[in-house]
């Protein structure tokens, strides 16, 4: 068995120096990445960050300007899409409008020359996994968004690909359905044991679903790690603000507030507020207490988001959970003390 | 002129006659609709319905062979003649054959051109190609027919190009009619197919390839089936326009006649307007049959 030069033998996808230029635009700019077999891997970034182009390069819809794409250790950089053992769930689902749901799902088997009865049986089975066997005779136009999404999934998994690529598949669904589909996707991936590569701009979705996340910016990977690593230890201001909300202290504020000359990030839920008369400002026992004034308090249902202007300069966003019937007392203009542990501060480079 | 901003902000609404009429109209959708449709409806009724009815009725008249006077008593003689005389059957079959061939040639030529325009060419090249396809429509039909007459003539470009290879050229005849008609009606076939292809999302072709279909297979199983309505829409143009033609066949058709020629000679030289009307019913009946057949495909929504 040929070993990949750098990746482990169980790497499902290996990208080396992958670049794609459209004219002067560098959509993908030198991406190196190993995705392990059976992994739920997310590519996260704002639109235009290159994540979808990487997906299209892996699928074979685009040809790389430079670099290589390996699938299971095999170089497929110059192979056409129909010659690669990956399938894609498209953002617009791309169901064939002139075919029934069953024919849509059976299409991959049909072009592989699977006999009529066998492909009907396998397609029904795949439709069963997404709980849509009862709609097999409908046309895609007669389905709801969520149902189309499931048909697209069934159509992609029926051919048993080694890798399933998902291009913002939940983007067009409403919130409730999206949350339900997230759970089902995760279960499906576990049951099938297929490598999922999931492209999304929704950081929450990426955190919920993935084993590992690559955060993209301007065609490059800016951070790669588990959801916990990405959320708790962002290495750059970009990642700290893109994934979740962060309070960023620039070097000047950090020096005044903490006596450290570096940029720091702090998650809003790590901060607690108390009345100005309850605690004294200052840093003791690894806890920072900074006085300030509430400028805004927004009710979120699960809690309050409170904006505080610090006396030392800069402002904070604080997330207070409404636990045990406690109501946030903080009103606009009230003097408060914000406190957080030094351990929760993340130093950015 | 200086503008008084404090007063110009909200101009007072004045009850002019036009405003009153507008508010009357906006409150009465029926009146609005009938005013809008009056002119086009009159036109349609006069030009199409009345003219067609007149044609149908005059097909039932006869001409007195001695005096040349039209006898307005109704009889089925003309219809009997065109259905029993072998001349009319031969010409009708020839006309349908030519129209069908023109349509097949046009669709085969239009498909790759439309595909290139819709799916391969850049936005800029696409605009230029659309203009290029439309430009021949600016030239007179007669000019194009005569241009082909010179191309196909003895010693014309076709012969000049083919003779070094020892090939025969068609000369004037039905082949020349098919070539010329196919050329003249080509834009009418390219445009609906191009529009149909534009409506086929690229992601469908991507998805087919993604699932393992070769480009040829995805063309056959995805793109062509989705294009059928557009192809039929285009074929209605080329088929019906060829069916009624009599000029091209006069110019490049040699001695051959099509239905249009029979109508023409009966109106002119033979002075038998009722018989001409009866012959003109043949293409109408054929087109009604064709349209009824294609209505089921949903192609008529693509026109």
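Chains as they are written, first to last, in our numbering: chain A, 5 to 353; chain B, 71 to 373.
Ideal placement from N, C-alpha and C gives every residue a C-beta, glycine not left out.
Owing to the predicted nature of the structure, the values given are computational and were not obtained by experimental measurement.
Residue nearest to residue i in terms of C-alpha spacing, selected from the options
{"i": "residue 411 of chain B", "options": "B:134, B:97, B:211 and B:247", "result": "Residue 411 of chain B falls outside the range modelled here, since chain B spans only 71 to 373, and no answer is possible."}
{"i": "residue 321 of chain A", "options": "A:353, A:147 and A:252", "result": "A:252"}
{"i": "residue 122 of chain B", "options": "B:136, B:354 and B:278", "result": "B:354"}
{"i": "residue 282 of chain B", "options": "A:336, A:162, A:224 and A:95", "result": "A:162"}
{"i": "residue 227 of chain A", "options": "A:23, A:206 and A:46", "result": "A:46"}
{"i": "residue 188 of chain B", "options": "B:297, B:314 and B:237", "result": "B:297"}
{"i": "residue 284 of chain A", "options": "A:343, A:237 and A:306", "result": "A:343"}
{"i": "residue 303 of chain B", "options": "B:269, B:365, B:253 and B:329", "result": "B:365"}
{"i": "residue 292 of chain B", "options": "B:158, B:270 and B:205", "result": "B:270"}
{"i": "residue 336 of chain A", "options": "A:297, A:247 and A:314", "result": "A:297"}
{"i": "residue 309 of chain A", "options": "A:277, A:118 and A:282", "result": "A:277"}
{"i": "residue 136 of chain A", "options": "A:121, A:148 and A:154", "result": "A:154"}
{"i": "residue 139 of chain B", "options": "B:310, B:343, B:275 and B:255", "result": "B:343"}
{"i": "residue 24 of chain A", "options": "A:67, A:16, A:84 and A:339", "result": "A:67"}
{"i": "residue 182 of chain B", "options": "B:205, B:199, B:112 and B:193", "result": "B:199"}
{"i": "residue 143 of chain B", "options": "B:263, B:131, B:314 and B:137", "result": "B:131"}
{"i": "residue 194 of chain A", "options": "A:29, A:270 and A:43", "result": "A:43"}
Spatial distance of residue i from residue j (CA atoms)
{"i": "residue 116 of chain B", "j": "residue 301 of chain B", "result": "32 Å"}
{"i": "residue 102 of chain A", "j": "residue 334 of chain B", "result": "45 Å"}
{"i": "residue 212 of chain A", "j": "residue 189 of chain A", "result": "11 Å"}
{"i": "residue 347 of chain A", "j": "residue 268 of chain A", "result": "12 Å"}
{"i": "residue 323 of chain B", "j": "residue 109 of chain B", "result": "41 Å"}
{"i": "residue 86 of chain A", "j": "residue 287 of chain B", "result": "11 Å"}
{"i": "residue 143 of chain A", "j": "residue 345 of chain B", "result": "51 Å"}
{"i": "residue 38 of chain A", "j": "residue 217 of chain A", "result": "12 Å"}
{"i": "residue 187 of chain A", "j": "residue 219 of chain A", "result": "22 Å"}
{"i": "residue 353 of chain A", "j": "residue 241 of chain A", "result": "8 Å"}
{"i": "residue 191 of chain B", "j": "residue 118 of chain B", "result": "41 Å"}
{"i": "residue 278 of chain B", "j": "residue 285 of chain B", "result": "8 Å"}
{"i": "residue 8 of chain A", "j": "residue 250 of chain A", "result": "At residue 8 of chain A the pLDDT is 41, less than 50, meaning the model places this residue with poor confidence and gives no usable figure here."}
{"i": "residue 157 of chain A", "j": "residue 349 of chain B", "result": "59 Å"}
{"i": "residue 179 of chain A", "j": "residue 204 of chain A", "result": "15 Å"}
{"i": "residue 320 of chain B", "j": "residue 310 of chain B", "result": "18 Å"}
{"i": "residue 266 of chain B", "j": "residue 305 of chain A", "result": "49 Å"}
{"i": "residue 329 of chain A", "j": "residue 51 of chain A", "result": "At residue 329 of chain A, the pLDDT of 45 sits below 50, so the modelled position is not reliable and the matter cannot be decided from this model."}
{"i": "residue 125 of chain A", "j": "residue 147 of chain A", "result": "22 Å"}
{"i": "residue 88 of chain B", "j": "residue 103 of chain B", "result": "18 Å"}
Whether residue i touches residue j by CB criterion (8 Å)
{"i": "residue 280 of chain A", "j": "residue 265 of chain A", "result": "no"}
{"i": "residue 92 of chain A", "j": "residue 215 of chain A", "result": "no"}
{"i": "residue 202 of chain B", "j": "residue 250 of chain B", "result": "no"}
{"i": "residue 106 of chain A", "j": "residue 141 of chain A", "result": "yes"}
{"i": "residue 41 of chain A", "j": "residue 199 of chain A", "result": "yes"}
{"i": "residue 181 of chain A", "j": "residue 150 of chain A", "result": "yes"}
{"i": "residue 31 of chain A", "j": "residue 57 of chain A", "result": "yes"}
{"i": "residue 196 of chain A", "j": "residue 272 of chain A", "result": "no"}
{"i": "residue 90 of chain A", "j": "residue 62 of chain A", "result": "yes"}
{"i": "residue 128 of chain B", "j": "residue 347 of chain B", "result": "yes"}
{"i": "residue 306 of chain B", "j": "residue 152 of chain B", "result": "no"}
Below-8 Å beta-carbon distance, residue i vs any chain A residue
{"i": "residue 96 of chain B", "result": "no"}
{"i": "residue 308 of chain B", "result": "no"}
{"i": "residue 72 of chain B", "result": "In this predicted model, residue 72 of chain B has a pLDDT of only 49, less than 50, meaning its place in the structure is not dependable; the value taken from the coordinates is given anyway. So no, residue 72 of chain B is outside the interface."}
{"i": "residue 266 of chain B", "result": "no"}
{"i": "residue 192 of chain B", "result": "no"}
{"i": "residue 13 of chain B", "result": "Examination of residue 13 of chain B is not possible in this model, given that chain B is present from 71 through 373 alone."}
{"i": "residue 283 of chain B", "result": "yes"}
{"i": "residue 315 of chain B", "result": "no"}
{"i": "residue 279 of chain B", "result": "yes"}
{"i": "residue 274 of chain B", "result": "yes"}
{"i": "residue 262 of chain B", "result": "no"}
Residue-level contact to chain B via CB, residue i, 8 Å cutoff
{"i": "residue 115 of chain A", "result": "yes"}
{"i": "residue 303 of chain A", "result": "no"}
{"i": "residue 63 of chain A", "result": "yes"}
{"i": "residue 149 of chain A", "result": "no"}
{"i": "residue 81 of chain A", "result": "no"}
{"i": "residue 10 of chain A", "result": "Residue confidence is low: residue 10 of chain A scores 47 on pLDDT, short of 50, so the model does not pin down where it sits. Its coordinate-derived value is still stated next. With 8 Å as the cut-off, residue 10 of chain A does not count as an interface residue toward chain B."}
{"i": "residue 175 of chain A", "result": "no"}
{"i": "residue 328 of chain A", "result": "For residue 328 of chain A, the predicted structure reports a pLDDT of 49, less than 50, and the residue's modelled location is therefore unreliable. A value from the coordinates is still provided. It does not: the Cβ of residue 328 of chain A has no partner Cβ on chain B nearer than 8 Å."}
{"i": "residue 111 of chain A", "result": "yes"}
{"i": "residue 3 of chain A", "result": "With chain A running from 5 to 353 in the structure shown, residue 3 of chain A is simply not present."}
{"i": "residue 199 of chain A", "result": "no"}
{"i": "residue 96 of chain A", "result": "yes"}
Contact test: residue i Cβ vs the ligand PLP heavy atom, cutoff 7 Å
{"i": "residue 110 of chain A", "result": "Ligands are entirely absent from the displayed structure, and the ligand PLP is therefore not among its contents."}
Would you mind listing the alpha helix (DSSP H) stretches within the region 256 to 330 of chain B that are 4+ residues and don't spill past its ends, in chain order? Within the region 256 to 330 of chain B, the complete alpha helix (DSSP H) runs of at least 4 residues fall at 272 to 280, 285 to 288, 294 to 313 and 317 to 322.
So within the region 147 to 212 of chain A, which uninterrupted alpha helix (DSSP H) runs reach at least 4 residues, ignoring any that extend past its ends? You should have 149 to 161 and 179 to 196.
Continuous alpha helix (DSSP H) assignments of at least 4 residues falling wholly in the region 173 to 249 of chain B: Taking only runs of at least 4 residues, the alpha helix (DSSP H) segments lying wholly in the region 173 to 249 of chain B are 193 to 204, 211 to 222 and 227 to 232.
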